[in-house]
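S.K.:
In my numbering, the protein residues as written are 6 to 482.
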């Protein structure tokens, strides 16, 4: 036996979860579209990326694979920024720029990427769309980091428009203040009891789903001819104020309203699909179909943007990569007369998930699997998780204040993922007073993604209208 060669200075082994996203069938990319309020200046982006992104160790390293499955590593390399920035020549008088953006993003996702270079690229599009004067479309391999990492990285490269020297900030969750010591201890004890009970129940359900058969086929699941991966990406910008209005009327959270909106939109879409079926054998009641979603949870405790900014300035180390857990939630897919029922169901299930250790359990389960049984077993387990769900649902909170990237004021940020074996991926981002719905769909399964998105937007309008009626009734009472 020969001794394994030691890594040279600067080389870093690839983490198990980054390795997972490079496996066949799970070769995943994060797709980020950023709209700007002014015309893009490519030279400003090139110069800005040189001073920020290239100082990040992951974005200046190549993924090198050795002879064994555990031999992948990040190897520092010299980066030519112009090899990663693409500025296509686009006709400014193009007839339908919104359609062009969708087609360009979809085609870019499935174009090959040179793995002899760091696994990222940025495309600058000087076209005017409905929501922006120019655009940046970025493709990052998922092995580089998860959605929260990339959002933090974007903010670390940006500055407030109100103060060009200040870093943006993420909204920190409010902490309850308990002045009475005994009440504080009692509340902490009750929290631990609930956490343990919820964890036991939710982990049991998680394992039960892994051992169960796949869900019955629905119009949201793949067909034999499907590509088994999203090949069309669309986004829609809606008002965050509308979401907050419903949230305040229902005394719930923004995430509860968004999940309720998604469930209501999917239910309306499926109801219409089933009603249009002419063959009675193909008709299926919504109540008899089980739909599940894989939801990502961020496991980081430290979310400071300043850490990333210092890392890029000093080339130091910081917690980076894929630090995410998964939970599987049942989707409430029913034809409800009360539009608020979708929100109530969303809150009920997510409150249990958030007050449990299921996300951490899924993270540890995947990590133990690769350490004990190897990467083939890790891929098998991951595919089993995803194959027992209908959609992937993810959301990332953005800044609540206007920011600029290399002197370009941002209008919106949309994000999605490619490479997962689902026909539908729903990704929600927020920016200032906007919510951006981004759908990644397999056109073989969902040929009308705009129609599906319309149902989600219409569901929010119905919720706002019902909330206005509720507030008016409460005032009269």
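Beta carbons: idealized from backbone N, C-alpha and C, even for Gly.
Is DSSP giving residue 433 helix, strand or coil here?
M.R.: The answer is strand: DSSP assigns residue 433 an E or B state.
S.K.: When DSSP builds the beta bridges, which residues end up paired with residue 413?
M.R.: DSSP output for residue 413 lists 410 as bridge partner(s).
S.K.: What does the alpha-carbon distance come out to for the pair residue 262 and residue 397?
M.R.: Approximately 17 Å between the Cα atoms of the pair.
S.K.: Tell me whether residue 456 sits in a helix, a strand or coil according to DSSP, three-state version.
M.R.: Helix, per DSSP.
S.K.: Could you check the C-alpha separation between residue 216 and residue 207 for me, to the nearest Å?
M.R.: If you take the alpha carbons of residue 216 and residue 207, they lie about 14 Å apart.
S.K.: List the endpoints of the continuous beta strand (DSSP E) containing residue 66.
M.R.: Run containing residue 66: 66-69, per the beta strand (DSSP E) assignment.
S.K.: CB residue 43 to CB residue 147, shorter than 7 Å?
M.R.: Cβ distance not < 7 Å, so residue 43 and residue 147 don't count as in contact.
S.K.: According to the neighbour-count rule (16 or more other Cβ atoms, all chains shown, within 10 Å of its Cβ), is residue 414 buried or exposed?
M.R.: Burial call: exposed.
S.K.: Express the C-alpha separation of residue 371 and residue 387 in angstroms, rounding to a whole number.
M.R.: Their backbone Cα atoms lie some 8 Å apart in a straight line.
S.K.: Could you spell out where the beta strand (DSSP E) holding residue 444 opens and where it closes?
M.R.: First-last of the beta strand (DSSP E) with residue 444: 439-446.
S.K.: Measure the alpha-carbon distance for residue 121 versus residue 423 and round it to whole angstroms.
M.R.: Computed Cα separation, rounded: 21 Å.
S.K.: In the region 14-61, which residue ranges form an unbroken alpha helix (DSSP H) of at least 4 residues, counting only runs that do not cross its ends?
M.R.: Taking only runs of at least 4 residues, the alpha helix (DSSP H) segments lying wholly in the region 14-61 are 21-25, 47-56.
S.K.: Report all residues from its chain with a CB closer than 7 Å to the CB of residue 269; omit the five preceding and five following residues, and keep chain order.
M.R.: The answer, listed in chain order, is 344, 347, 464.
S.K.: Determine the contact status of residue 260 and residue 361, defining contact as a CB-CB distance below 7 Å.
M.R.: Against a cut-off of 7 Å, the Cβ pair of residue 361 and residue 260 comes out as no contact.
S.K.: Can you tell me whether residue 351 is buried or exposed? The criterion is at least 16 other CB atoms within 10 Å of its CB, across all chains shown.
M.R.: The residue is buried, with at least 16 neighbouring Cβ atoms inside 10 Å.
S.K.: How many Å lie between residue 271 and residue 277 at the Cα?
M.R.: Each residue's Cα considered, the two are about 10 Å apart.
S.K.: Could you tell me whether the region 334-342 touches the region 364-378, using the rule of 3 or more Cβ pairs below 8 Å?
M.R.: No, because fewer than three Cβ pairs between the region 334-342 and the region 364-378 fall closer than 8 Å, the two stretches do not touch.
S.K.: Would you say residue 395 and residue 418 are within 7 Å of each other, going by their C-beta atoms?
M.R.: Not closer than 7 Å, so no.
S.K.: Distance check for residue 411 and residue 50, CA to CA, integer angstroms please.
M.R.: Distance between the alpha carbons of residue 50 and residue 411 is about 6 Å.
S.K.: For the beta strand (DSSP E) that residue 265 lies in, which residues bound it at each end?
M.R.: No beta strand (DSSP E) contains residue 265, which is instead part of the alpha helix (DSSP H) from 259-280.
S.K.: Whole alpha helix (DSSP H) runs in the region 331-406 with 4 or more residues, listed along the chain?
M.R.: If we require 4 residues or more, the alpha helix (DSSP H) runs fully inside the region 331-406 come out as 345-359, 363-378, 380-392.
S.K.: Does the beta-carbon distance from residue 275 to residue 439 come in below 7 Å?
M.R.: No; because the gap between Cβ atoms is not below 7 Å, this pair is not in contact.
S.K.: Within this structure, are the beta carbons of residue 140 and residue 265 separated by less than 7 Å?
M.R.: It is not a contact, given that the beta carbons lie outside the stated cut-off.
S.K.: Would you decide whether residue 476 is buried or exposed? Buried here means 16 or more other CB atoms lie within 10 Å of its CB.
M.R.: So residue 476 ends up on the exposed side.
S.K.: I'd like to know whether the C-beta atoms of residue 174 and residue 409 end up nearer to each other than 7 Å.
M.R.: No. Outside cutoff.
S.K.: Would you tell me roughly how many angstroms separate the C-alpha atoms of residue 99 and residue 132, rounded to the nearest one?
M.R.: Answer to the nearest angstrom: the Cα atoms are 8 Å apart.
S.K.: For residue 104, count neighbouring Cβ atoms within 10 angstroms of its own Cβ and tell me buried if that reaches 16, exposed if not.
M.R.: It counts as exposed.
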